[in-house]
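To keep things clear, I will list the structure first and then write my remarks on it.
The structure is reproduced here in structure tokens:
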């Protein structure tokens, strides 16, 4: 379904690229510098999907494809990307190891991790290295687009020279009490009080993975309601989800607050 959605968007993306071909490639329509993206992914089909998504977001241009970490490290000095979309599981060196070398070289580039790796140690390692975002595959088109738009806004704040605390909070994904109010349009059926209660439950136990049943029991609401809100939080990039096969029967979903 995710692949189909991405491929169905190809026509409108092609039109957007044609429009861009007649404009200044160094600046977007608002006169802001175009941000250069390096994609690092060993799966050719996934690589093309990522290219399609990134190229559909105004203000970004894909400047290179790397199939492994060594190739990525060789391309960075030559292409000078603003941001790298980096996979974890690749032949040879994994993405976290590549990220560490990028930081050791003091290269001025940001990183979005887009990967199937959902273990908490990888998430924590990526965050400590300064990942701008961490997106777990499979993901919806809108999730990566939102991450890029957030990065674009952060870059504009940097270009002003002086920034506010709100700018810093947005760039570093700091969420204030009542953060749900900042979500401009909640989907039908998602109520702020319930969203806040469920989010606080997960945040207070952020070092644990919780099942739908555990959350429902703690909050005193139905599992169906909890599942609906968890799906929203996963899509928003605030909660990770993985299948637990250790139950001996039907696998269950486990959820953990990541807040990135």
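In this note's numbering, the protein residues as written are 1 to 260.
Every residue gets a Cβ at the ideal spot worked out from N, C-alpha and C, and that includes glycine.
Just so we're clear, the structure is a prediction, and the values are computed from it rather than from any experiment.
Per DSSP, reduced to three states, the secondary structure at residue 33 is strand.
Separation of residue 227 and residue 105 (C-alpha to C-alpha, rounded to the nearest whole angstrom) is 43 angstroms. Residue 128 counts as exposed, since fewer than 16 other beta carbons sit within 10 angstroms of its beta carbon.
By the 16-neighbour rule on beta-carbons within 10 angstroms, residue 152 is buried. DSSP places residue 89 in the coil class of the three-state scheme, outside both helix and strand.
Per the C-alpha coordinates, the member of 43, 44, 74 and 84 positioned closest to residue 61 is 84.
By the Cβ rule, the segment 37 to 55 does not count as touching the segment 118 to 125, because fewer than three pairs are nearer than 8 angstroms.
Counting the other Cβ atoms within 10 Å of the Cβ of residue 119 gives fewer than 16, which makes it exposed. In the three-state DSSP reduction, residue 241 falls in the strand class (E or B). Judged by beta-carbon spacing, residue 38 lies beyond the 7 angstroms limit of residue 47, meaning their Cβ atoms are not closer than that value. For residue 98, the uninterrupted alpha helix (DSSP H) run begins and ends at 95 to 104, by DSSP.
For the pair residue 148 and residue 111, the CB atoms are not nearer than the 7 angstroms cut-off.
Judged by DSSP in its simplified three-state form, residue 51 adopts helix.
Here the C-alpha atom of residue 135 lies approximately 11 angstroms from the C-alpha atom of residue 141. DSSP places residue 69 in the helix class (H, G or I) of the three-state scheme. Remark: C-beta atoms of residue 250 and residue 244 do not approach each other more closely than 7 angstroms.
The beta carbons of residue 201 and residue 215 sit about 6 angstroms from each other, so the pair counts as a contact at 8 angstroms. Separation of residue 187 and residue 236 (C-alpha to C-alpha, rounded to the nearest whole angstrom) is 12 angstroms. Only buried fits residue 81, as 16 or more other CB atoms lie within 10 angstroms of its CB. The shortest CA-to-CA distance from residue 45 to any of 67, 231 and 150 is the one to 67.
Per the coordinates, the alpha-carbon of residue 146 lies some 29 angstroms from the alpha-carbon of residue 74.
In this structure, residue 210 sits away from residue 229, with a CB-CB distance that is not shorter than 7 angstroms.
Taking each of 102, 154 and 242 in turn and checking the Cα distance to residue 138, the smallest one comes out for 242.
When the alpha-carbon of residue 59 is set against those of 41, 102 and 154, the nearest one is in 154.
Taking C-alpha positions only, residue 115 is separated from residue 234 by approximately 14 angstroms.
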